[in-house]
Amino acid sequence: MAKNIIVIGGGPAGLEASARLDALGYNVFLVEKETRLGGHLARWDRLFPEGVPAAPVLEKLVSGTGNTKVMLESEVLSLSRLGKSFRISLTSGVSVIADAVLMTTGFDLFDASKKEEYGYGIYDHVVTNADIEGYFRTGKDPRIGSPERIGLVHCVGSRDEKAGCRNCSKVCCATAVKQACELKAKFPSATVYCFYMDLRMFGRGYEDLYLKAQKEYGIRFIRGRVSEVSEKIDKTLQVKAEDTLSSTPLKVSLDLLVLMAGMRPSEAGAKVGKMIRLGTGDDGYFNTSDGFTGMQATSVPGLFVAGASTGPKTLPDTLSEARAASALIHEYLRES
Ligand SMILES: Cc1cc2nc3c(=O)[nH]c(=O)nc-3n(C[C@H](O)[C@H](O)[C@H](O)COP(=O)(O)OP(=O)(O)OC[C@H]3O[C@@H](n4cnc5c(N)ncnc54)[C@H](O)[C@@H]3O)c2cc1C
Ligand code: SF4
């Protein structure tokens with residue numbers, strides 16, 4: 003009889019792993035707390051570095067899941083060991099005995115309103131990277147208007163002890179450069195600034211995107227952290243920063259400020275992790291059995307992890323991990 007596998011989290015990692023495990027002949031149950039599949043990918047319009055549309059990527063992932071039993075609007079009520087298996091009860095009333103569990107609970111976006119000095123939720127023309135994706139997907143957001151001066155602030159809620167997150171979120175430099183170009187294309191007469199601490203354009207094609215942003219789009223990159231934002235009576239924003247390359251204080255007037263909110267460990271994922279004593283690091287992300295050869299395994303036999311639940315990741319890295327986790331689960335179930 004085919005063995006049961008529960009995948010918790012229906013984002014890119016959960017979808018890709020479900021597709022692979024289904025193709026290997028397992029009974030796959032995919033548990034998603036929201037009303038739709040796709041995780042954060044469902045919120046993005048275009049993907050860096052080339053700017054390909056996100057929707058067909060998501061469609062392909064969803065259509066690959068085959069016979070996977072998808073359970074939407076379902077949360078885990080309890081998860082415990084039953085001999086070598088796992089017993090899982092869901093809020094929908096369904097209970098499953100599973101031979102293996104894969105945690106693909108992903109990440110939460112940093113709540114930008116916690117950085118009060120940037121004025122998100124207070125000033126009319128301050129938005130986040132996620133809001134910009136929503137704007138490009140739907141064409142609607144009254145906060146955007148017709149800006150002539152646009153600023154993008156990197157590292158919002160990342161690399162910031164005060165915000166409780168020391169680590170780099172990895173994806174937001176590339177997102178900022180991509181969105182700076184998109185905003186310039188949408189508002190050609192606008193001047194667009196990126197305020198960055200370091201530019202982490204590490205992936206294939208990312209450096210080309212950065213060069214294109216400077217040469218083709220004329221994006222102005224300013225090395226320095228924004229210290230304060232205030233709103234004038236006419237709703238324009240006054241931004242104070244320091245250009246740390248020239249050690250000059252700067253004051254810039256803007257019509258739109260975009261905050262590059264970083265990635266944080268998923269709170270809903272942490273709740274399930276605790277049920278099964280899955281350890282986390284100081285950063286709150288799930289621990290793996292080791293950082294080189296056991297990236298998808300955990301200290302709990304039969305419990306596996308993939309995607310952004312173990313730290314900030316790009317989509318290609320997330321999907322590679324999901325495939326690696328599927329192969330590892332297959333090996334584990336063949337041996338058990
Ligand atoms: C602003 C921004 C833009 C980005 N743009 C790009 C890009 O252009 N290119 C790129 O390569 N990468 C990009 N990324 C990264 C990309 O979004 C991630 O790599 C990807 O979403 C990670 O997938 P995941 O499945 O691990 O997590 P998620 O996408 O977070 O999905 C996790 C899923 O699990 C569900 N879940 C969580 N807890 C539970 C629970 N307890 N029970 C049931 N379900 C649960 C969630 O609802 C969600 O559906 C971007 C990230 C950000 C922040
Ligand atoms: S990827 Fe860039 S913007 Fe994001 S936290 Fe790292 S350095 Fe900051």
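According to this note's numbering, the residues represented by the sequence shown are 3 to 338, in order.
The beta-carbon is built from N, C-alpha and C at its ideal position, and this holds for glycine as well.
Checklist entry - Would you say the beta carbon of HIS332 comes nearer than 6 Å to a heavy atom of ligand 2? => result Your numbering for residue 332 matches position 330 in the sequence shown. Short note on HIS332: C-beta not closer than 6 Å to any heavy atom of ligand 2.
query = Looking only at its own chain, which residues have a Cβ that is under 7 Å from the Cβ of ASN69, when we skip the five neighbours before and after it?
reply = The residue you call residue 69 lines up with position 67 of the sequence shown. Cβ neighbours of ASN69 beyond the five flanking positions: ASP24.
(Q) Please determine whether the Cβ atom of GLY313 lies at a distance below 6 Å from any heavy atom of ligand 1. (A) Within the sequence shown, numbered from 1, the residue matching residue 313 stands at position 311. No, the beta carbon of GLY313 sits no closer than 6 Å to any heavy atom of ligand 1.
*asked:* Can you list, in chain order, the residues of its chain with a C-beta nearer than 7 Å to that of ALA56? Leave out the 5 residues immediately preceding and following it.
replied: As a position in the sequence shown, residue 56 is number 54, starting the count at 1. Answer for ALA56: LEU43, TRP46, ASP47, ARG48 and LEU49, listed in chain order.
**Asked** What is the DSSP secondary structure of GLY264, counted as helix, strand or coil?
**Response** Looking up residue 264 in the sequence shown gives position 262. DSSP places GLY264 in coil when its eight states are reduced to three.
### Message
Quick check on the contact list: which residues have their beta carbon closer than 7 Å to a heavy atom of ligand 2?
### Response
Cβ atoms closer than 7 Å to ligand 2 belong to HIS156, CYS157, SER160, ARG161, CYS170, SER171, LYS172, VAL173, CYS174, CYS175, ALA178, TYR198, MET199, ASP200, LEU201, ARG202, MET262 and GLY264.
Notebook entry, point to check: Can you round the beta-carbon distance between LYS242 and SER229 to whole angstroms, since I take them to be within the 8 Å contact cut?
Noted result: What you label residue 242 is simply residue 240 of the sequence shown in a count that begins at 1. What you label residue 229 is simply residue 227 of the sequence shown in a count that begins at 1. A Cβ-Cβ distance of about 5 Å is found for the pair LYS242 and SER229, placing them in contact under the 8 Å criterion.
Using 8 Å as the threshold, is the stretch 106-126 in touch with the stretch 153-161, meaning 3 or more CB pairs across them? Counting C-beta pairs with one atom in each stretch, the stretch 106-126 and the stretch 153-161 have three or more that are closer than 8 Å, which means they touch.
* Asked: Between TYR28 and THR130, what straight-line distance do the alpha-carbon atoms span, to the nearest angstrom?
  -> Counted from its first residue, the sequence shown places residue 28 at position 26. Counted from its first residue, the sequence shown places residue 130 at position 128. So the alpha carbons of these two residues sit roughly 40 Å apart.
- Run the proximity test for ILE10: is its beta-carbon closer than 6 Å to any non-hydrogen atom belonging to ligand 1? Counting from 1 along the sequence shown, the entry for residue 10 is found at position 8. Relative to the non-hydrogen atoms of ligand 1, the Cβ of ILE10 comes within a distance shorter than 6 Å of at least one.
Would you identify the three-state DSSP class for ASN131, choosing helix, strand or coil? By one-based count along the sequence shown, residue 131 stands at place 129. ASN131 carries a helical assignment under DSSP once its states are collapsed to helix, strand and coil.
Please report the Cβ distance between LYS180 and LEU211, rounded to the nearest whole angstrom; I am assuming they are in contact, meaning their Cβ atoms lie under 8 Å.
The residue labelled residue 180 in the question sits at position 178 within the sequence shown. The residue labelled residue 211 in the question sits at position 209 within the sequence shown. 7 Å between Cβ atoms; contact.
In the DSSP assignment, find the alpha helix (DSSP H) that holds THR320 and state where it starts and stops. As a working mapping, residue 320 is identified with position 318 in the sequence shown. Here the alpha helix (DSSP H) through THR320 covers 317-337.
Item checked: Nonlocal neighbours in the same chain, by C-beta distance under 7 Å from SER268, ignoring five residues either side -> Residue 268 sits at position 266 when you count from the first residue of the sequence shown. Around SER268: THR107, GLY108, PHE109, ASP110 and SER311.
If you follow the beta strand (DSSP E) that GLU233 is in, where does it begin and where does it stop?
Position 231 of the sequence shown, counting from 1, holds the residue named residue 233. Annotation: the continuous beta strand (DSSP E) that includes GLU233 extends over 228-233.
- Span separating the alpha-carbon of ASP285 from that of GLY271: If you number the sequence shown from 1, residue 285 lands on position 283. If you number the sequence shown from 1, residue 271 lands on position 269. When rounded, the distance between both Cα atoms is 14 Å.
Selection from SER91, GLY281, ALA178 and PHE189 that minimises the alpha carbon distance to GLY53: On the sequence shown, residue 53 is found 51 positions in, with the first residue counted as 1. For GLY53, the nearest C-alpha among the options comes from ALA178.
DSSP three-state call for PRO14: helix, strand or coil? The residue labelled residue 14 in the question sits at position 12 within the sequence shown. In the structure shown, PRO14 sits in a helix (DSSP, three-state: H, G or I).
Throw me the rounded Cβ distance for the ALA19 and VAL9 pair, which I believe falls under 8 Å.
Counting from one through the sequence shown, the residue named residue 19 turns up at place 17. Counting from one through the sequence shown, the residue named residue 9 turns up at place 7. 6 Å between Cβ atoms; contact.
inquiry  = Quick check on TYR208: does DSSP put it in helix, strand or coil?
reply    = Looking up residue 208 in the sequence shown gives position 206. DSSP places TYR208 within a helical segment (H, G or I) once states are collapsed to three.
Relative to the C-alpha of VAL103, which candidate in LEU92, SER249 and PHE88 has its C-alpha closest? Reading the sequence shown from its first residue, position 101 is the one you call residue 103. Relative to the Cα of VAL103, the nearest Cα in the group LEU92, SER249 and PHE88 belongs to PHE88.
Query raised in the report: Across which residues does DSSP place PHE223 in a beta bridge pair?
Result: Within the sequence shown, numbered from 1, the residue matching residue 223 stands at position 221. DSSP, once it has assigned bridges, lists CYS196 as partnering PHE223.
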